[in-house]
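Contents: one structure, followed by commentary.
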Amino acid sequence: MKKILPRIGMLIAILGILAVSAFAGGQGGETTGPVTVTYWTSYPLLQATVEHAGEKYMAQNPDVTIESILFPQRAMDEKVAVSLPAGEAADLIDFACFQIYPYYYNGYISEPPEDVVDVLKKSFPSFTLTSATDPVSGKKFTIPYYVSLKEMFYNTDHFAEAGLKGTPKTLDEQMEFAKKLTKRDGSGNITRAGLDLRLSGGGFGTFQKFWTQVMVAYDSWPIVQKDGKWTAGYANKTGYDSLQYYMDAIYKHKVEGLDTTSDAQGFGLEASSMFQRESWVVGYLKENAPDINYSVFLMPEGPEGHGGTIGNTQSFSVPNSSKVKRAAWDFGKFLLSPEIQVQIYDESGWQSLNMDADYSALYKESPALEIFMDALDVPGHPVYDYENIPPIMEIHARIADRLMIAFKDPKLATDRKALEALVDKLAEETNRILDDYDLLAK
Amino acid sequence: MLNAVIGAPGSIRRNKAYFIMAVFLPVVFLFLVVRIIPIISTLALSFTNYHMQRPVRKFVGLENFIRLFSDDIFHTSLLNSLQFVLVALPAEIILGLAIALMLNSKLRAEGYFQTLFFIPYILPMVPAAIIWQWIYAPGTFGLANFFLEKLGFQRVGWLIDSNIALNAIIVMHVWKNLGFFIVIFLVGLKDIPNDFRDAALVDGATAWQRIWRVELPIIRPVILFTSVMASIWALSAFTEVYIMTQGTDVSTGVEISVLVFQIYVEGFRYFRMGYSSAICLVLFVISMLLVLIQFRLFREK
Amino acid sequence: MAGKIKSGKVVLNLILVFVSFVNIFPFIWLVLSSFKFNKDIITETPTLFPVEWTLQNYALLTEAAPFLRFFMNSVIVSGVSTIFVLISCSAMGYIFAKYNFRGKNFFFMMIIATILIPMYTYFIPMYLTIRALGWVNTYAGIIYPLIIMSSGIFFLKQTISMIPDDLIDSSRIDGSSEFRVYWHIIIPLSQSALAAIAIVNWVFTWSRFLWPLIVASSDRLFTMEIGLAYFRRSFIVEYGGTMAACVVTLIPVLVVFLVFRTRIIEGIAFTGMKS
């Protein structure tokens, strides 16, 4: 008996620790009185910007607290996937329109109020309204507030050195320019890629860049509408030619290598002369490679004169489970205001969308930013976004996975039949995914 | 069950019963709640079409498994996982034992060596994988190629070449875990009563004979443990594979996928939890088989 | 004879020095790189020692995120988990090693089986349980799946089975209760194993990433591992900051290891058996 008592005591102590720690930690949404609006994002600079915006907002609205939380990038998708259906997500979620769409489709997201949508209609480019629209009901389901618009960065010094005048207007010209810009070492390894292409990396990014770089110009589309449903749109000459361009760049003209340092990093190290990216590179270069002289040209057109680029919009959405919807939308509306939109472009480097705002101060510092902003509204250069259907991300990610392997296969560059077979196989998979979601046109 | 506590007279049996009530039952209960029941729910999901973004799910029988059959990416990941075990397991056991035996020789610097070998193991996986990603980076930017070129060799596409990439990751995996095995073997070797070692010395046995005839057989339970753990860890390798597919300058993707990575991708990237659970079930069966085989092997010896 | 042993030892030492150096080289690189500027890390001509030493990366740590808070959180999670694990593993290990009852092997296999399944495959059911308990965004929620360690039970079983039965039986015959046997015989004799399990569990729980992230709704509860992920920014890895954060993360783990290391070396002296 004497032994049992201390044992029970230990047990109680342990249970006690458990109980206490259960109540320690963060306080849930049990605030009385003033309202707290939580905001989640996975982009660090954006979180900082929104935090500053939050401070301004709180000064004007003393009974609202804005809590802006940063999640590590990949983890945000998982976090939302687990907590949103369970009703435990933030009040404002920063996601791409197409990323939040499946949750809206399944009933987890609340519709934006009219007054917020009106701001969009008044001051934002028209394609953002398309991005925010549910193709099924025609209603708006989210509010875009910045965009990931892609154009071509190029090193003006390299161009001058190679005797190149102007910038490429077509894909063929771009390849010619690249050939003159590429530098190699004694063993034939590429030391400077004329045209840096995104050939690898996680997620659907690789295919996104591919889509932007070549498919739009060849008028090739991952999915196209048919009979009220969808089907893969690239198992044809446009798709074959798109892949051929990449393969030629790597294996025929050798303006890009599999093992070159790429992306903003590579451009900053002068390991490339041209590459496709978004406006945040401006801030990156300013900080990490201030001596690089560069500018921006619009995505080149294809042989049939098709042009344009991809600009996937990022938006904020309010879950149905939020207890402070109106407060959240009010803060969201604040993020759409010209003042804050300029702040977003300036501090985070991400491209804002409010056409009524005055960005001239930023342009003085970095002229490239003006090119990006103008690109939102150029005739013959439409801006496209992802289609709003639930499986769009899976479709893109799976294509990306297989493309990454294809890029490494030199045989595909010369064997056109094999290349076409591969593209057809990709399209089969795309259609299978569409079928899983009952979206395949038969 | 309590009555079946065999081979013990009266009060000892009662004491044992108390101990079991105080310890065994609560822990088993915890296991049920924290592991068994969630695992069973997950495995049950493999027979549904559960999708994380969709609230409704329905029973679909063996559909997920039939699909796995024709999924070429799943096949790749399955083969890769098996390759992982076949390479990592012997490497970790043999190297681990060898180094532990070396360390067990009453060296003065033993503590330092132990620490040095153990450090990769306690280094969190994420920074370890980042460092290795950087070591394997293409061009002269990566350390491995940098040294190779300095020594006059051609640079290797460690992560680019599909044949090499998986092995490169396995090397990292072994490097990381070796410290654990060394320490575990050391624990086992240290726990051998000194009498046995002294007796062997008196008998005039050489160090090698002592090791082979006396020490290894005694620590057989420990070797079984390490073998099982090594195979489980090889099969559940995830973070090392995951990190190597991140970033914009890495060329790996599907070709280094392993089973657990596929489970993650299908479940948390594409949100197909039903399908992901099916892969999980396959992994479970394979692991269970591997473990049972090892238990059988070690018992018969 | 003595001379032979001496030179053998010298050779042994040399081999070990070389192997351990190769083994630890990446770690040395990590530490040295944490004192380099970013541009010196990501360069075509890397050097071992910093071209210019800087503490900038460490300063970055305090700015970038509330790392002290993350650190405390990791300590709490790992600490509470390890306490639970040490108690449960040693007691269960004892039962499995030295007791006999119907169904024992079944339970043992069931426990082993749980090692085979990676935790995040059953995150969702666990999350829903946490939610029902009201433990979302609490320490309890994070620690919930970490209070037991199947492989720990396995390992303790294996090492305790090496303890001679006579030792235990004689104590029982002397009238000790099982708790006494457990406390005075089993625990001291499995010190090294327990120390090893403590370290392993500490490391394992410290490196949990996805689960704490899913449970926590605000960064007040984030752990160091999540903090580390901040440096892997959207498109560019900030190596300098990452390296510094890694070094800082390593320190408590190293300390725990050094504290327990002597226990591991001590081993067991079966002097009790002789007397």
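Protein chains in written order, with the working numbering: chain E, 15 to 456; chain S, 351 to 651; chain P, 1428 to 1702.
Heads up, the beta-carbon is just placed ideally off N, CA and C, and yes, glycines get one too.
- With a beta-carbon spacing of about 13 Å, residue 1587 of chain P and residue 373 of chain S fall beyond the 8 Å limit used to define contacts.
- Residue state for residue 290 of chain E is assigned as strand, using DSSP reduced to three classes.
- Interface residue (Cβ-Cβ distance to chain S less than 8 Å): residue 1566 of chain P is not classified as such.
- Around the Cβ of residue 202 of chain E, a 10 Å sphere holds fewer than 16 other Cβ atoms; the residue is exposed.
- About 32 Å separates the beta carbons of residue 488 of chain S and residue 1633 of chain P, which is beyond the 8 Å limit, so they are not a contact pair.
- Counting other Cβ atoms within 10 Å of its Cβ, residue 1561 of chain P stays below 16 and is therefore classed as exposed.
- Where residue 430 of chain E is concerned, the enclosing alpha helix (DSSP H) starts and stops at 430 to 450.
- Under the Cβ criterion of 8 Å, residue 349 of chain E is not counted among the residues facing chain S.
- Annotation note: the stretch 550 to 587 of chain S contains the following uninterrupted alpha helix (DSSP H) runs of length 4 or greater, listed N- to C-terminal: 570 to 585.
- Cβ neighbours of residue 603 of chain S within its own chain (closer than 7 Å, five residues either side excluded): 595.
- Excluding residues up to 5 positions away in sequence, 1477 lie with their Cβ nearer than 6 Å to the Cβ of residue 1463 of chain P in the same chain.
- Residue 83 of chain E has a beta carbon lying within less than 8 Å of a beta carbon in chain P.
- Shown in chain order are the members of the stretch 1545 to 1559 of chain P whose Cβ falls below 8 Å from a Cβ of chain E: 1550, 1551, 1554, 1555, 1558.
- When the alpha-carbon of residue 91 of chain E is set against those of S:423, S:387, S:403, S:437, the nearest one is in S:403.
- In the three-state reduction of the DSSP assignment, residue 369 of chain E falls in the coil class.
- Counting only the Cα atoms, residue 1502 of chain P lies some 46 Å from residue 165 of chain E.
- DSSP assignment within the stretch 313 to 397 of chain E yields the following whole alpha helix (DSSP H) runs of 4 residues or more, N-terminal first: 339 to 349, 352 to 357, 374 to 379, 382 to 388.
- Sequence-distant Cβ neighbours of residue 321 of chain E in its own chain, meaning closer than 6 Å and more than five residues away, are 315, 394, 395.
- In this structure, residue 1566 of chain P keeps its C-beta atom at 8 Å or more from the C-beta atom of residue 388 of chain S.
- Distance from the CA of residue 448 of chain S to the CA of residue 1447 of chain P, rounded to the nearest whole angstrom, comes to 13 Å.
- If the five residues before and after residue 252 of chain E are omitted, its C-beta is found closer than 7 Å to the C-beta atoms of 232, 233, 234, all from its own chain and listed in chain order.
- From the beta-carbon of residue 618 of chain S, the residues of chain E found nearer than 8 Å are 91, 92, 95.
- In the three-state reduction of the DSSP assignment, residue 1642 of chain P falls in the helix class, which pools H, G and I.
- The C-alpha of residue 523 of chain S is placed about 17 Å away from the C-alpha of residue 534 of chain S.
- Contact with chain E is absent for residue 624 of chain S, since none of that chain's Cβ atoms lies less than 8 Å from the residue's Cβ.
- Note: residue 60 of chain E is not bridge-paired with any residue in the DSSP secondary-structure output.
- Taking a cut-off of 8 Å on C-beta distances, the stretch 425 to 438 of chain S does not touch the stretch 451 to 468 of chain S, as fewer than three cross pairs fall below it.
- The residue from P:1643, P:1449, P:1498, P:1455 with its alpha-carbon nearest to that of residue 1554 of chain P is P:1643.
- The C-alpha of residue 458 of chain S lies about 23 Å from the C-alpha of residue 1455 of chain P.
- Taking 8 Å as the Cβ-Cβ cut-off, the stretch 1591 to 1620 of chain P approaches chain E at 1604, 1606, 1607, given in chain order.
- DSSP places residue 1506 of chain P inside the alpha helix (DSSP H), whose first and last residues are 1494 to 1525.
- Between the alpha carbons of residue 295 of chain E and residue 189 of chain E lies a gap of roughly 23 Å.
- Not one beta carbon of chain E lies nearer than 8 Å to the beta carbon of residue 384 of chain S.
- Proximity of the stretch 63 to 70 of chain E to the stretch 350 to 361 of chain E meets the contact definition, three or more beta-carbon pairs being nearer than 8 Å.
- In its chain, beyond the 5 residues on either side, 211, 290 have a beta carbon closer than 7 Å to the beta carbon of residue 227 of chain E.
- Counting along the chain, the unbroken alpha helix (DSSP H) around residue 96 of chain E starts and ends at 87 to 97.
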